[in-house]
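Participant:
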Amino acid sequence: MEKSSLRSSSLTLLVALCPCLFYFMCSLTMNLLTKTLVTTFQWRFVYTLGALQSIFTLASLTLLSMVQRVFAVVTGTEQQSSVDPVGFKHRGVIYVLRVLLPLMALHLSNMLLGFASLQVVNLPMYLVLRRLTTITVMLIEWLVLHKAISGSIKMAILVSSAGSLIAGSTDVMSDGGGGYTLVLLQNLCTAMSLALSKESALTPRQLVILNSIAGAVCCSVLGFIFERDKVLEFPYLSDPRFIAGMVIMCSMCVLYQFSVQFCTLHTSALTTSVTGNIKDLFATVGGYLLFPDAPTHFANFVGVALSFIGAYSFSYIRYRALVGPSPPHQKQL
3 MEKSSLRSSS LTLLVALCPC LFYFMCSLTM NLLTKTLVTT FQWRFVYTLG ALQSIFTLAS
63 LTLLSMVQRV FAVVTGTEQQ SSVDPVGFKH RGVIYVLRVL LPLMALHLSN MLLGFASLQV
123 VNLPMYLVLR RLTTITVMLI EWLVLHKAIS GSIKMAILVS SAGSLIAGST DVMSDGGGGY
183 TLVLLQNLCT AMSLALSKES ALTPRQLVIL NSIAGAVCCS VLGFIFERDK VLEFPYLSDP
243 RFIAGMVIMC SMCVLYQFSV QFCTLHTSAL TTSVTGNIKD LFATVGGYLL FPDAPTHFAN
303 FVGVALSFIG AYSFSYIRYR ALVGPSPPHQ KQL
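Here's what the structure looks like:
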C-alpha cells in the first residue's frame with residue numbers, strides 16, 4: 003500500500019514537472035543555439051535571421067492548423083474557431099494605429115535587438131541584463147500607475163541591480179560596441195510590449211500570428227535590401243552543422259512561445275518565472291563553458307551571483323505574497 007502510494011505520488015510529481023521541463027528545455031536550447039549561430043558561426047545578418055524565424059513560425063502555425071482540421075474531419079468533431087482570426091476585424095482604425103501597429107513594431111524591435119545584442123554581449127552578461135526587465139516593468143508601474151512596492155521587493159531589486167553593475171564593470175569588451183545599450187533597449191521594448199499585449203485583448207496565438215506576419219514582411223524586405231549579397235557569400239551556408247543549428251533554433255523559438263503558455267496554463271505564472279530563473283542558471287554556466295567571449299574575473303562571478311540572488315529573492319517574496327494571508331489593506335507588490 004505504501005509502495006503504491008509512493009509510486010502514485012512520484013507519478014503525480016512527474017506529471018506536474020513536465021510543463022516546467024518542456025519550457026526549460028525549449029528556452030535553454032534556444033539561448034545556447036542562438037548564441038552559437040552568432041558567435042561560433044559568426045552569423046551577422048539580423049534581418050535575415052528575423053525573416054527566417056518569422057516565416058518558420060507562420061509555416062508551423064499553418065501546418066498545425068491543417069492538422070487540427072484534418073483531425074476534426076476524421077473524428078467527426080466540429081472545430082471551434084475564433085470568429086475573428088486576428089481579433090481586430092470589428093475594431094476601429096484608432097485601435098489599429100494606437101495598439102496593434104506599436105505592438106508589432108515593439109515585437110519586431112525586441113527580436114532584432116535580441117539577435118544584435120547577442121553578437122556583442124556574452125551570454126552570462128546578456129542574461130544578467132535581461133533579468134532587469136522585471137525591474138523595468140515594476141518601475142514603470144511605480145512611476146506611472148503609482149503601485150506600491152514593498153521594502154523586501156526594493157531590496158531584491160537593489161541586490162539584482164548591484165550585481166548587474168558589478169558584473170558589467172568587469173566586462174568592458176561587451177559594451178565596446180554598445181552591447182549593453184542594445185540589451186537595455188530590448189528590455190524597454192519587452193516591458194512596453196507586455197503592457198500593450200494586455201490592452202490588445204488578443205489571444206497568445208493571435209499575437210504570435212500578427213507579430214510573425216510583421217516580422218516576415220519587414221525583415222524580408224530589409225534583409226533583401228541590406229544583406230542579400232553578404233548572405234549569399236556566407237562561408238557556412240552549405241555547412242550541415244550550420245543548417246541543422248538554424249533549423250533547430252527556429253523550431254525551438256516556435257516551441258518556446260507555446261511552452262511559456264503551456265507551463266503557465268498547467269502550473270502558474272510564478273512557476274514559469276521560477277523555471278526561467280533556473281534556466282538562466284544553466285544557460286549562464288553554459289555561457290562560461292562553451293563560449294570564449296565570457297569574462298572569467300572573480301568580480302564578474304560575484305556580480306552574476308548577486309544578480310541571481312536578487313532574482314531568486316524576488317521570486318520567493320512574490321511566492322510568499324501569493325500563498326500568505328491577504329492583509330485587510332491594499333496589497334503591496
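Numbering-wise, the sequence shown is residues 3 to 335 according to this note's numbering.
Don't be surprised by glycine CBs; every beta carbon is placed ideally from N, CA and C.
Since the structure is predicted, the reported quantities are computational estimates derived from the model, not experimental observations.
1) Are M251 and L39 close, meaning C-beta to C-beta below 8 Å?
2) For the alpha helix (DSSP H) that P126 lies in, which residues bound it at each end?
3) With distance defined between alpha-carbon atoms, name the residue in L16, V210, M106, S29 nearest to G278.
4) Quick one: what's got a C-beta closer than 7 Å to L120's C-beta in the same chain, skipping five residues either side?
5) Determine the DSSP secondary structure at Q44, reduced to helix, strand or coil.
6) Going by other Cβ atoms of all chains shown within 10 Å of its Cβ, with 16 needed for buried, is E235 buried or exposed?
7) When the Cα atoms are used, what is the spatial distance from K281 to A307?
8) So, do the region 155-163 and the region 199-217 have three or more beta carbon pairs nearer to each other than 8 Å?
9) Please confirm whether L103 and S202 have their CB atoms less than 8 Å apart.
10) Mind checking whether G2 and T50 have CB atoms under 8 Å apart?
11) Y290 by DSSP, collapsed to three states: which one?
12) Is I155 close to the ligand SAH? I mean its beta-carbon at under 7 Å from any heavy atom of the ligand.
13) Distance check for A61 and I151, CA to CA, integer angstroms please.
14) For the putative contact between S199 and L105, defined by C-beta atoms under 8 Å, what is the C-beta separation to the nearest angstrom?
15) What separation, rounded to the nearest whole angstrom, lies between the Cα atoms of V48 and V76?
16) Take T350 and list the residues in its own chain whose beta-carbon comes closer than 8 Å to its own, dropping the five residues that flank it on each side.
17) Taking buried to mean at least 16 other C-beta atoms within 10 Å of its own C-beta, is T183 buried or exposed?
18) DSSP on A203, reduced to helix/strand/coil?
19) DSSP three-state call for P87: helix, strand or coil?
20) Between V262, G180, V233, which lies nearest to A53 when the distance is taken from Cα to Cα?
21) Buried or exposed: A285, going by 16 or more other Cβ atoms within 10 Å of its Cβ?
22) State the DSSP-derived secondary structure class of I280, mapped to helix, strand or coil.
23) Cutting at 8 Å between CB atoms, please list the residues of its own chain near N112, excluding the five before and the five after it.
24) Pull up the distance between the alpha-carbon of H331 and that of A313, whole angstroms please.
25) Enumerated in chain order, which unbroken segments of the alpha helix (DSSP H) with a length of 4 residues or greater are wholly contained in the region 190-258?
26) Among residues of its own chain, excluding the 5 on either side of C220, which ones have a beta-carbon nearer than 7 Å to its beta-carbon?
27) Please determine, among Q44, F26, L63, the residue with the shortest C-alpha to C-alpha distance to P206.
28) Given this structure, state the Cα-to-Cα distance separating L99 from L108, to the nearest angstrom.
29) Could you give the residue range of the alpha helix (DSSP H) that holds I151?
30) If Y321 sits next to L283, beta carbons under 8 Å apart, how far is it from one beta carbon to the other, in whole angstroms?
31) Suppose the cutoff is 8 Å on Cβ atoms and the five residues either side in sequence are ignored; what does the same chain contact list for R230 look like?
Facilitator: Let me spell this out:
1) Taking the first residue of the sequence shown as 1, we reach residue 251 at position 249. Taking the first residue of the sequence shown as 1, we reach residue 39 at position 37. In this structure, L39 lies closer than 8 Å to M251 by Cβ.
2) Looking up residue 126 in the sequence shown gives position 124. First-last of the alpha helix (DSSP H) with P126: 125-132.
3) Locating residue 278 in the sequence shown gives position 276, where the first residue counts as 1. Checking every option, the nearest Cα to that of G278 belongs to S29.
4) Counting from 1 along the sequence shown, the entry for residue 120 is found at position 118. Closer than 7 Å at the Cβ level, and outside the excluded window around L120, lie T36, K37, V40, Y128.
5) By one-based count along the sequence shown, residue 44 stands at place 42. In this structure, Q44 counts as coil in the three-state DSSP scheme.
6) One-based indexing of the sequence shown puts residue 235 at position 233. When all chains shown are included, E235 counts as exposed.
7) In the sequence shown, the residue the question calls residue 281 occupies position 279. In the sequence shown, the residue the question calls residue 307 occupies position 305. Near 14 Å, if we compare the C-alpha coordinates of A307 and K281.
8) no
9) Residue 103 sits at position 101 when you count from the first residue of the sequence shown. Residue 202 sits at position 200 when you count from the first residue of the sequence shown. In this structure, S202 does not lie closer than 8 Å to L103 by Cβ.
10) Shown here, the chain extends from 3 to 335; a query on residue 2 therefore has no answer.
11) Within the sequence shown, numbered from 1, the residue matching residue 290 stands at position 288. Reduced to three states, the DSSP call for Y290 is helix.
12) Of ligands this structure carries none, so the ligand SAH is not represented either.
13) Taking the first residue of the sequence shown as 1, we reach residue 151 at position 149. Taking the first residue of the sequence shown as 1, we reach residue 61 at position 59. Distance between the alpha carbons of I151 and A61 is about 43 Å.
14) As a first step, residue 199 is located in the sequence shown; it is residue number 197 there, counting from the start. As a first step, residue 105 is located in the sequence shown; it is residue number 103 there, counting from the start. Confirmed, about 7 Å.
15) Translated into positions along the sequence shown, residue 48 becomes position 46. Translated into positions along the sequence shown, residue 76 becomes position 74. Each residue's Cα considered, the two are about 42 Å apart.
16) No answer is possible for residue 350: it lies beyond the span of the chain, which begins at 3 and ends at 335.
17) Position 181 of the sequence shown, counting from 1, holds the residue named residue 183. With fewer than 16 other Cβ atoms inside 10 Å of its own Cβ, T183 counts as exposed.
18) One-based indexing of the sequence shown puts residue 203 at position 201. Note: A203 maps to coil in three-state DSSP.
19) Residue numbering aside, residue 87 sits at position 85 when the sequence shown is read from its first letter. Bear in mind that the predicted position of P87 carries a pLDDT of just 48, short of 50, making it unreliable; the figure below should be weighed with that in mind. Note: P87 maps to coil in three-state DSSP.
20) Locating residue 53 in the sequence shown gives position 51, where the first residue counts as 1. For A53, the closest C-alpha among the options V262, G180, V233 is that of V233.
21) The count along the sequence shown starts at 1 and reaches residue 285 at position 283. Looking at its Cβ environment, which holds 16 or more other Cβ atoms inside 10 Å, A285 is buried.
22) Locating residue 280 in the sequence shown gives position 278, counting from the first residue. Helix, per DSSP.
23) Taking the first residue of the sequence shown as 1, we reach residue 112 at position 110. Within the same chain, N112 has close Cβ partners Q188, C191, T192, S195.
24) Position 329 of the sequence shown, counted from the first residue, corresponds to residue 331. Position 311 of the sequence shown, counted from the first residue, corresponds to residue 313. Per-residue confidence for H331 stands at a pLDDT of 49, beneath the threshold of 50, marking its modelled position as unreliable; no derived number is given.
25) 206-228, 230-234
26) Residue mapping note: residue 220 aligns to position 218 of the sequence shown, counting from 1. Counting only Cβ-Cβ distances below 7 Å, and skipping sequence neighbours, we find L110.
27) Locating residue 206 in the sequence shown gives position 204, where the first residue counts as 1. That would be L63, whose Cα lies nearest to the Cα of P206.
28) Counting from one through the sequence shown, the residue named residue 99 turns up at place 97. Counting from one through the sequence shown, the residue named residue 108 turns up at place 106. Going from the Cα of L99 to the Cα of L108 covers about 13 Å.
29) Against the sequence shown, residue 151 aligns to sequence position 149. Element bounds for I151: n/a, residue is neither H nor E.
30) Residue 321 sits at position 319 when you count from the first residue of the sequence shown. Residue 283 sits at position 281 when you count from the first residue of the sequence shown. With 8 Å as the limit, Y321 and L283 do not qualify as a contact, their Cβ atoms being about 17 Å apart.
31) On the sequence shown, position 228 is the one that residue 230 refers to. Closer than 8 Å at Cβ, skipping near neighbours: no residue.
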